[in-house]
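**Q** In the order they appear, the protein sequences are chains A, B and C.
Going by our numbering, the first residue of the first sequence is number -5, and it counts up by one from there.
Going by our numbering, the first residue of the second sequence is number 9, and it counts up by one from there.
Going by our numbering, the first residue of the third sequence is number 8, and it counts up by one from there.
Sending over a structure as structure tokens; questions will come in a sec.
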Amino acid sequence: MRIPPRYAQNIAVVLLGGATALALAALVFIIAFVMVKGMPAVNLKFLVDSPREMGRSGGIFPAIVGSFILPLAAIAIALPAGVGTAVYLAEYTLENRITRVIRIGTDCLAGIPSIIFGLFGFIFFVTVLRMGWCILSGALTLAIMILPTVIRTSEEAIKAVPRSYREVSFSLGATQWETVWKVVLPNAVPGIMTGVMLSMGRSIGETAAVIFTAGAALRLPTSAFDSVRTMAVHFYLLAREGISLENAYGTAAVLIVSILLINAASYWLMHRFISRRAR
Amino acid sequence: MKGLKNAEKAMVAAATAAALALTGCGRNQANSITVAGSTAFQPFAEKLADQFMARRPDVRITVQGGGSALGIQTALSGAAQIGMADLVKLPPEAAGLESITVARDGIAVIVNQGNAVSNLATDQVRAVFNGTVANWRNVGGDDRGIRVVSREAGSGTRSSFEDILGGFRLANDAIVQDSNGTIRETVANDRDAVGYLSHGLLTERVKPVSLDGVECKEEEIVAGWYKLVRPVFLLTKGAPSGAAKDFIDFVLSPEGQETIRRNGLLPAR
Amino acid sequence: MVVRWIAERAVKWVLIALAFSALASLLLIAVFIFKEGVPFIVRVGLKDFLLSSEWDPQAGRFGVFAMIVASLCVTFGAMIVGAPLGVAGAIFLNEFVSRRITRIVKPAIELLAGIPSVVYGFIGVVAVAPLIREHLGGPGLSLLCASLILGVMVLPTIMSVAADAISSVPNSYREGALALGATRWQSVRMVILKAARSGIVAGVILGLGRAVGETMAVIMVAGNTVQVPGSVLDPVRTLTTNIALEMGHATGLHRQALFATGVVLFVVIMILNALTMAAMKRGHAGK
């Protein structure tokens, strides 16, 4: 039996619209659930105070600090490596066996579960290199985890810079690196930023890889060799041990608002950047 | 011109590396201690560490969880100066470590508040957990299936629970949860569930059952009548010294023991 | 001039070194996991390790068959939930509603990709599992619960990648189809889905990778019983959760067995990767 195209169209709209609505409803439910349950616990004191009684009371300030330091440190490590890889792949070489191997390696790395990163980080950084649970161990582990994302998005961004820009630069006598540094990379910044924001989002919400490498100390860190607890880990420990559900929800709410702010900030930055360059 | 800039960058990188190395040296001072291991004792250790550091500002104690085995491993490898373990029987690896009992912990068998059963004999507990008794009717409850909830293999609570009851094999279809909190929530939400958790983490959300007629209460445990009790050990490689020794002494002091008691564990002696 | 030339060479070598960072990391990870895990597999025997469902570390029995099955079931279940919803959402937002709505809804969905998996897991425990227990029976913490939670969790990933693929289909394709008298749906079905196929597949595979590797959320909602599930209401334990559950307590042989579980997981992921690459190639060739 053939359904007349107009009916098929209507059926499709209803089904697709219904599926979309269902997906959105599930997602809105999750955010609303966390906000409704969490917001009552959140006040200024919660944000700036240190946890007391294992997090049963007091605030989550050290966890907020940890949640920003760790991803930022990871990005500081992964960004040069990732952008460097992307520049090499896009600008310095043609597709050959080596680039193929690098690409396959990157794809495989992207597919590795975070628990494996956690295991590896624990054995290699924490135990073999004897760095202990600390920001540096955690940041290095997270950096490896987000490296493929940074490489992929940076390469796309670099490739999207028009050929003519490079040709003009070369014709003015610039070397390859000068062209990359002054012409290609500045134009690729919005794309690279997307990768950075994606990585930030992934690392700020990561638990498995962080808990094995950065530990879960409740205090404010004073050096790169101190252990930190991120909000995601704090939420996990509070919820899991049943220490304080109110504070667990509160932490989740702050975490989600942070992620929202990071996203908003990145959109704003990108727009500013694009409009400035357009001028 | 460009070359210079790169040289500058290399210098910045070298300086950063040197700074990191220096802080690394700072970290290994005698006054910085890492305590790692048992997740059950972790919150107590955090509390004790805070109290200790309040009077000894020159010492920094970092507390990590990870489990008893991790406590043993890290104490052996030196990644932690003090390991925490809460097992009745320490594994053979721990033979090379000094162990000090700093607290004791009762293990409560818990059921849902809606469950009529309030007392179980040791044999019955064993039969329920190894799956030979699968209906509450057979142990004095309603005609409903039993849902066993257990900790994960290797957990200090589980090993102690199984060791004290006399080695048995957990039912194949038992649900496994990895913390006291999730066990408690699972049992609190499921009318047919039975589980066990640390006595210090009991709340009114679940109902502890008596064991052979003995309630899981502090007095009964201290008196030695309640059977399911395990020790909490602090482990060090060689005799404890320096700040690590001071911390362990503090934990064993009346004040430290009082903190342990107030938060739901039992004193060492 | 010479300085410039030297700098230029130096930069190139630095870039080459950086380019191998990802590959080097991958090899390092593989070496460490395999070094700890492979001797165990050799000792126990590959067949006993892979094909037995008995996992009792205290008794020295280590078989991961049930966990391999569970990992595949949970992932498959998550895809049944997440892929149709994600792809449908991507189509609907791109082709059936105004750009203005899309511009608001799409970033909102991408935001959801940033919600930590532990939050999803926790909502599974407090909201989804009790519903399953009351209305469908079983313990609630189950294959079904894990699939639902993971399906919703991977939804944003699938939706945003698929949406990008669909929106990058040139407008002339749509206009061409519509000019020939096709309805919107016909243009989607006959033209756009074909043109965007490889991107959509990439999105689904990305979601699949995330589902198979997810740990913390699954620990919370799957019940973690080592058994080959007989129904979707049975609790299961996946490869990832096995590692995270017991790693803290494992010593000696048990610890090696967990690393061996990591090796199996690694191999499963690599096979999935290979399948992805093959699928993408086919997608490109088909274009």
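Heads up, the beta-carbon is just placed ideally off N, CA and C, and yes, glycines get one too.
1) Between the alpha carbons of Q37 of chain B and P56 of chain A, how many angstroms are there, rounded?
2) Since R192 of chain B meets chain A, which of its residues come closer than 7 angstroms, beta carbon to beta carbon?
3) Would L166 of chain A be called buried (16 or more neighbouring beta carbons within 10 Å of its own) or exposed?
4) Just verifying my parser: in three-state terms, what is the DSSP assignment at N143 of chain B?
5) Measure the alpha-carbon distance for L34 of chain C versus I278 of chain C and round it to whole angstroms.
6) Measure from the C-beta of S85 of chain B to each C-beta in chain A and report whether the shortest distance is under 8 angstroms.
7) Under the three-state reduction of DSSP, which class applies to M92 of chain B: helix, strand or coil?
8) S32 of chain C: which of A:S252, A:I129, A:I92, A:G99 sits nearest, CA to CA?
9) Check each candidate in B:E226, B:G91, B:P216 and name the one with the smallest Cα separation from N123 of chain B.
10) Here's the rule: buried if 16 or more other CB atoms are within 10 angstroms of the residue's CB, otherwise exposed. What is W12 of chain C?
11) Measure from the alpha carbon of G223 of chain C to the alpha carbon of each residue in B:D186, B:Y234, B:N197, then state which is nearest.
12) How is the beta strand (DSSP E) around A116 of chain B delimited, first residue to last?
13) Exposed or buried, what is S148 of chain A when buried is set at 16 or more other beta-carbons lying within 10 Å of its beta-carbon?
14) To the nearest whole angstrom, what separates the beta carbons of I115 of chain B and T165 of chain B, a pair I think is in contact under 8 angstroms?
15) Listed from N- to C-terminal order along the chain, which residues in the stretch 97 to 113 of chain A have their beta-carbon within a distance smaller than 7 angstroms of any beta-carbon of chain C?
16) Run through the DSSP bridge pairs and tell me what Q185 of chain B is partnered with.
17) In angstroms, rounded to a whole number, what distance separates the CA positions of A67 of chain A and Y230 of chain A?
18) Report the start-end ranges of each alpha helix (DSSP H) in the stretch 20 to 70 of chain A that is 4 residues or longer and not cut off at the edges.
19) Quick check: is the beta carbon of R155 of chain B nearer than 8 angstroms to any beta carbon in chain C?
20) Helix, strand or coil: how does DSSP classify N123 of chain B here?
21) Determine whether the beta carbon atoms of G179 of chain B and F241 of chain B lie at a separation below 8 angstroms.
22) So who's on the other strand from R238 of chain B, going by DSSP bridges?
23) Under 8 angstroms, Cβ to Cβ, is there at least one residue of chain C near A29 of chain B?
24) Can you list, in chain order, the residues of the stretch 243 to 270 of chain B whose Cβ is nearer than 9 angstroms to any Cβ on chain A?
25) Which residues in chain B have a C-beta closer than 8 angstroms to the C-beta of A211 of chain A? List them in chain order.
26) State yes or no: is the beta carbon of R35 of chain B nearer than 8 angstroms to at least one beta carbon in chain A?
27) State whether the stretch 169 to 187 of chain A contacts the stretch 93 to 105 of chain C, with contact taken as three or more CB pairs (one from each stretch) at a distance under 8 angstroms.
28) In whole angstroms, what separates the C-alpha of R6 of chain B from that of T268 of chain C?
29) Evaluate K39 of chain A with the Cβ neighbour count: other Cβ atoms within 10 Å of its Cβ, from every protein chain shown; 16 or more gives buried, anything less gives exposed.
30) So with CB distances below 7 angstroms, who are the chain A contacts of I130 of chain C?
31) Straight-line CA distance for T82 of chain C to G32 of chain A?
32) Since A104 of chain A and I152 of chain A should fall inside the 8 angstroms C-beta cutoff, what is the C-beta to C-beta distance between them, to a whole number of angstroms?
33) Does any residue of chain B have a CB that is nearer than 8 angstroms to the CB of F99 of chain C?
34) Round the Cβ separation of N284 of chain B and V214 of chain B to the nearest angstrom and send it over; I've been treating them as touching at under 8 angstroms.
35) Am I right that S60 of chain C and G70 of chain C are in contact with their C-beta atoms under 8 angstroms? What's the rounded C-beta distance?
36) Taking the alpha-carbon positions, what's the P142 of chain A to E117 of chain C distance?
**A** Reading it off the structure:
1) Below a pLDDT of 50, predicted positions are generally treated as unreliable, and Q37 of chain B, at 49, falls in that range; the measurement from the model is reported next regardless. Roughly 23 angstroms separates the two Cα atoms.
2) G236
3) Per the 10 Å Cβ criterion, exposed.
4) strand
5) Between L34 of chain C and I278 of chain C, the C-alpha separation is close to 16 angstroms.
6) yes
7) strand
8) A:G99
9) Cα-wise, what sits closest to N123 of chain B is B:P216.
10) The residue is exposed, with fewer than 16 neighbouring Cβ atoms inside 10 Å.
11) Residue 223 of chain C is actually Met in this sequence, not Gly. Per the Cα distances, B:D186.
12) Here the beta strand (DSSP E) through A116 of chain B covers 105 to 120.
13) buried
14) Indeed they touch by this definition, with Cβ atoms about 6 angstroms apart.
15) G99, T100, D101, C102, L103, G105, I106, P107, S108, I109, I110, L113
16) DSSP output for Q185 of chain B lists B:R159 as bridge partner(s).
17) 22 angstroms
18) 38 to 42
19) yes
20) coil
21) Note that residue 179 of chain B is Ala in the sequence shown here, rather than Gly. Not closer than 8 angstroms, so no.
22) B:D113, per the DSSP bridge assignment.
23) With a pLDDT of 41 at A29 of chain B, under the threshold of 50, the modelled position of this residue cannot be trusted, and the question is left open.
24) none
25) Counting only Cβ-Cβ distances below 8 angstroms, A211 of chain A has contacts in chain B at T70, V71, Q72, in chain order.
26) Summary for R35 of chain B: the model assigns pLDDT 43, below 50, so the residue's position carries little reliability; its value from the coordinates is reported in the next sentence. So yes, R35 of chain B belongs to the interface.
27) Too few Cβ pairs lie closer than 8 angstroms, so no.
28) Given a span of 9 to 277 for chain B in the structure shown, any question on residue 6 of chain B remains unanswerable.
29) exposed
30) I24, F27
31) 30 angstroms
32) Not quite, the Cβ-Cβ distance comes to about 18 angstroms (not below 8 angstroms), so this is no contact.
33) no
34) The question about residue 284 of chain B has no answer, for chain B in this structure spans 9 to 277.
35) Between S60 of chain C and G70 of chain C the beta-carbon gap is near 5 angstroms, inside 8 angstroms, which marks them as a contact.
36) 19 angstroms
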